[in-house]
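Engineer: My questions will all concern the structure given below.
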Amino acid sequence: MPRTQEAVPTHCPYCALQCGMNLRPADGTVVVEERADFPVNRGALCGKGRTAPAVLSSRVRLTEPLVRTRPGGPLVPATWEEALDAVASGLARTRRAHGPDAVGVFGGGGLTNEKAYGLGKFARVVLGTSQIDYNGRFCMSSAAAAHQRAFGLDRGLPFPLEDVPRTGCVILVGSNPAETMPPALRYLTELKANGGTLIVVDPRRTRTAEQADLHLAPRPGTDLALALGLLHLVVAEGRTDAEFIAARTTGWEDARAAAMAHWPELVERITGVPVPRLRRAVEMFCAPASAMVLTARGPEQQAKGTDTVGAWINLCLATGRAGRPLSGYGCLTGQGNGQGGREHGQKADQLPGYRTLTDPDARAHVARVWGVDPQTLPGPGRSAYELLDALGTEVKALLLMGSNPVVSAPRAAHVEERIRSLDFLAVADVVLSETAALADVVLPVTQWAEETGTTTSLEGRVLLRRRALTPPPGVRSDLEVLHGLASRLGVEKGFPTDPEEVFEELRRASEGGPADYSGISYARITAEQGVFWPCPEGSPGTPRLFLDRFATEDGRARFTPAVHREAAETPDADYPLLLTTGRVVAQYQSGAQTRRVPELNEAAPGPFVELHPRLAARLGVAEGTPLAVTSRRGRAVAPARITDAIRADTVFMPFHWYGEGRANTLTHPALDPVSRMPEFKVCAVRVEPA
Ligand code: SF4
């Protein structure tokens, strides 16, 4: 009998819930087993988590580097030495010819904290470029900016998920955990079982909305007006918390005046949500002693995403539902390390510890840890879409890790054309994604179960993923890639390949910053099932933020006034409908991994266009009819899926696929002025039988 190998406790490679799971090594791969002791998911997993090992042993995973030896030629196998030499010389050549900012770096919200930290350091110290950003900019950047503006600190959820069932009312705005993170649904089910109420704001009656006590279905792009209308009613009905506003906030009068300009009938006209439902929502939110607002990509992925989230925060502040137990505003971050990914330096404007890149003290501290002159650190670079848009012109070479923008970026055909125009592209990935297929060099890297590293979940809980499996011989870790490239580019030290060594440096770099990890260690994470930041040396960690004071200079939360404005594109005679995009339960983000899992592919084999029966009748189309959806940026084709769960003026497409059904061919790249988030969630389209 072969000896049974011990199961390794770790976390799912996909979304920000970071479900705990045990991996038992068996027959050269791993088997997923329940890990009931991890409190967040208590053993529950969605289909993506259960099937995650399939990508480890997939026939299509990359196990040797690939190099394109001539422009337009095929990618052919190469040794690691040849591949790393080619990347180093491609980046160095561009830097020599056009300067450091002609070299770009693009990261991902799935990279561990150690990789995100290493990538940011590599860009700024080795390449000397300011041009680094990551795909998390497309995920939660508006919520992050609004959090920062209102509270002085951005942590997705300022309280643990275990508080959700104990509050009185939750307004869930543009979030569909039934599809995006199913094990999280139990927090809402328990909320209702405890007598709390659930309001869901979504233009679609999603599987989450079906469980709501009240579903508000605004026209896409009007969440800001909806929040302002609710605040108007709160004021008009005398439901504000004057004591809280006076003691713990600033800026109320301007925010109040802005809300009072949005009277209910006007808001009904803008959003399509009837006034009685607005009144009902206010009653449900204000009646209990505590309440929360949780947002996700719906209100965030708009060209006014920061103000939209800010308006929902204003609602919390005006009613005294922030900085108090069981109350507050939180963002349900999407990607596995979307939170940690933005804290450790792969964002265009941030240094490790969530420090601001333009802050002289922050630069001096991080430069000391890195052993460089702070004067040599570049300033802020372009945001993700602006960086992609500059490829081939100002930015001529790109190193890309853990991202697939050819599928996931807005105006994707244009982004693909920009990527194709690069002088040099290197991609590190586990499979030949659609973006990797365009590269000059592809570096095959290890996957989640084959390496150790930390992630920070949507709760701000720092977790440890552990290696459970020996990687195939032809692959290397992203940290080994950075080490190999740094030494080839003349930086021999400072890029260790051991993740714990990197984490130790990250701790020091983050010390004293907003996201202080200095008191966190691998040993503590293991012993405590994760540690909440901020966690300075000697601290027990901070599960709940802002209970005594907000993180602003004066300790008060800041109201920011905002007024309704239309989306960058509204329907007209040529493009009479609205398109909104999102995810389905069996696929994850650009689908680079999940489309390669047979069970998931069977469950969700391709894109579709969801439309209302009235619209289908008007177009004369039936279930399954191929539909052409056209925007000013391009055309996508996918079969019709007819349902009365969507507004008749709106169609929905999931964005996980490439080819003729690529939803992001259609989406609008208008950017939020603060967060630089593109307007994924709303654009004008025309729909007709293909
Ligand atoms: Fe993984 Fe998210 Fe599914 Fe949990 S909910 S198993 S973290 S994909």
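In numbering that gives the first Met the number 0, the protein residues as written are 0 to 689. Glycine included, C-beta positions come from ideal geometry on N, C-alpha and C.
Which two residues bound the contiguous beta strand (DSSP E) that contains F651?
Structural biologist: T649 to P653
Engineer: On the criterion of 16 or more Cβ atoms from any shown chain inside 10 Å, does K492 qualify as buried, or is it exposed?
Structural biologist: exposed
Engineer: Between which two residues does the beta strand (DSSP E) harbouring P575 extend?
Structural biologist: Taken as a continuous stretch (DSSP letters only), P575 belongs to no beta strand (DSSP E), as it is neither H nor E.
Engineer: In terms of residues, what are the limits of the beta strand (DSSP E) holding Y587?
Structural biologist: Note, Y587: premise wrong, no beta strand (DSSP E); not H, not E.
Engineer: Would you report the Cα separation of Y521 and G339, rounded to the nearest angstrom?
Structural biologist: 15 Å
Engineer: Would you check whether the ligand SF4 has a heavy atom nearer than 7 Å to the C-beta of D8?
Structural biologist: What sits at residue 8 in the sequence shown is Pro, not Asp. Answer for P8: no, Cβ out of range of the ligand SF4.
Engineer: Considering only residues of the same chain and omitting the five flanking positions on each side of A412, which have a CB-CB separation below 6 Å?
Structural biologist: Answer for A412: G633 and T664, listed in chain order.
Engineer: With a threshold of 7 Å (Cβ to nearest heavy atom), would N40 be considered close to the ligand SF4?
Structural biologist: yes
Engineer: How far does the beta strand (DSSP E) with S520 in it reach, from first residue to last?
Structural biologist: Unbroken run through S520: none, as it is neither H nor E.
Engineer: May I ask which residues mark the beginning and end of the beta strand (DSSP E) holding S630?
Structural biologist: P625 to S630
Engineer: Do G459 and A115 have their beta-carbon atoms positioned less than 8 Å apart in this structure?
Structural biologist: no
Engineer: Hey, how far is the Cα of P1 from the Cα of E503?
Structural biologist: Legend: pLDDT at P1 = 40, less than 50; position of this residue unreliable, no value from coordinates given.
Engineer: Look at the alpha carbon of V429 and the alpha carbon of G250, and state the distance between them as a whole number of angstroms.
Structural biologist: 48 Å
Engineer: Return yes when the Cβ of D671 is within less than 8 Å of the Cβ of S289, no when it is not.
Structural biologist: no
Engineer: Applying the criterion that 16 or more other CB atoms from any shown protein chain within 10 Å of the CB defines a buried residue, is D26 buried or exposed?
Structural biologist: exposed
Engineer: Rounded to whole angstroms, what's the CA-CA distance from F158 to F150? Just pull it up for me.
Structural biologist: Between the C-alpha atoms of F158 and F150 there is a straight-line separation of about 14 Å.
Engineer: Can you round the beta-carbon distance between P605 and G401 to whole angstroms, since I take them to be within the 8 Å contact cut?
Structural biologist: Contrary to the premise, residue 605 reads as Gly rather than Pro in this sequence. Their Cβ separation, rounded to whole angstroms, is 24 Å, which puts G605 and G401 out of contact at 8 Å.
Engineer: Determine the contact status of V608 and A639, defining contact as a CB-CB distance below 8 Å.
Structural biologist: Yes, the pair counts as a contact, with Cβ atoms nearer than the cut-off.
Engineer: Taking the alpha-carbon of G327 as reference, which of R685, E178 and V308 has the nearest alpha-carbon?
Structural biologist: Of the candidates R685, E178 and V308, the residue whose Cα lies closest to the Cα of G327 is V308.
Engineer: Determine the contact status of G554 and C534, defining contact as a CB-CB distance below 8 Å.
Structural biologist: no
Engineer: Identify which residue in G237, T248 and E242 has its Cα closest to the Cα of M259.
Structural biologist: G237
Engineer: When the Cα atoms are used, what is the spatial distance from P542 to G329?
Structural biologist: 13 Å
Engineer: So, at 7 Å on beta carbons, what are the nonlocal neighbours of L457 in its own chain, with the 5 sequence-adjacent residues on each side left out?
Structural biologist: A15, L16, G155, L156, L331, T332 and Q338
Engineer: Where do the ends of the alpha helix (DSSP H) carrying T305 lie?
Structural biologist: Looking at the DSSP string, the run of the alpha helix (DSSP H) that includes T305 is G304 to A317.
Engineer: Under 8 Å between the Cβ atoms of D692 and A396?
Structural biologist: With the chain covering 0 to 689 only, the question about residue 692 has no answer from this structure.
Engineer: What is the rounded straight-line gap between the Cα of P612 and the Cα of E80?
Structural biologist: 58 Å
Engineer: If you count every other CB in all the chains shown that lies within 10 Å of the CB of R617, and 16 or more means buried, which is it?
Structural biologist: exposed
Engineer: Note the first and the last residue of the continuous beta strand (DSSP E) segment covering E687.
Structural biologist: C682 to P688
Engineer: How many Å lie between V200 and P625 at the Cα?
Structural biologist: 29 Å
Engineer: Using only the heavy atoms of the ligand SF4, determine whether one of them is closer than 7 Å to the beta carbon of A52.
Structural biologist: According to the sequence as given, residue 52 is Pro; it is not Ala. No, Cβ of P52 sits at least 7 Å from all heavy atoms of the ligand SF4.
Engineer: Would the beta-carbon of V54 fall within 8 Å of that of R595?
Structural biologist: yes
Engineer: Any chance the CB of M180 is under 7 Å from a heavy atom of the ligand SF4?
Structural biologist: yes
Engineer: When the Cα atoms are used, what is the spatial distance from G46 to L599?
Structural biologist: Each residue's alpha carbon lies about 7 Å from the other.
Engineer: Does the structure place the segment 352-368 close enough to the segment 176-189 that three or more beta carbon pairs sit under 8 Å?
Structural biologist: No: fewer than three Cβ pairs fall under 8 Å.
Engineer: In whole angstroms, give me the CA-to-CA distance for A689 and A603.
Structural biologist: Computed Cα separation, rounded: 21 Å.
Engineer: Quick one, are the C-beta atoms of L215 and H261 less than 8 Å apart?
Structural biologist: no
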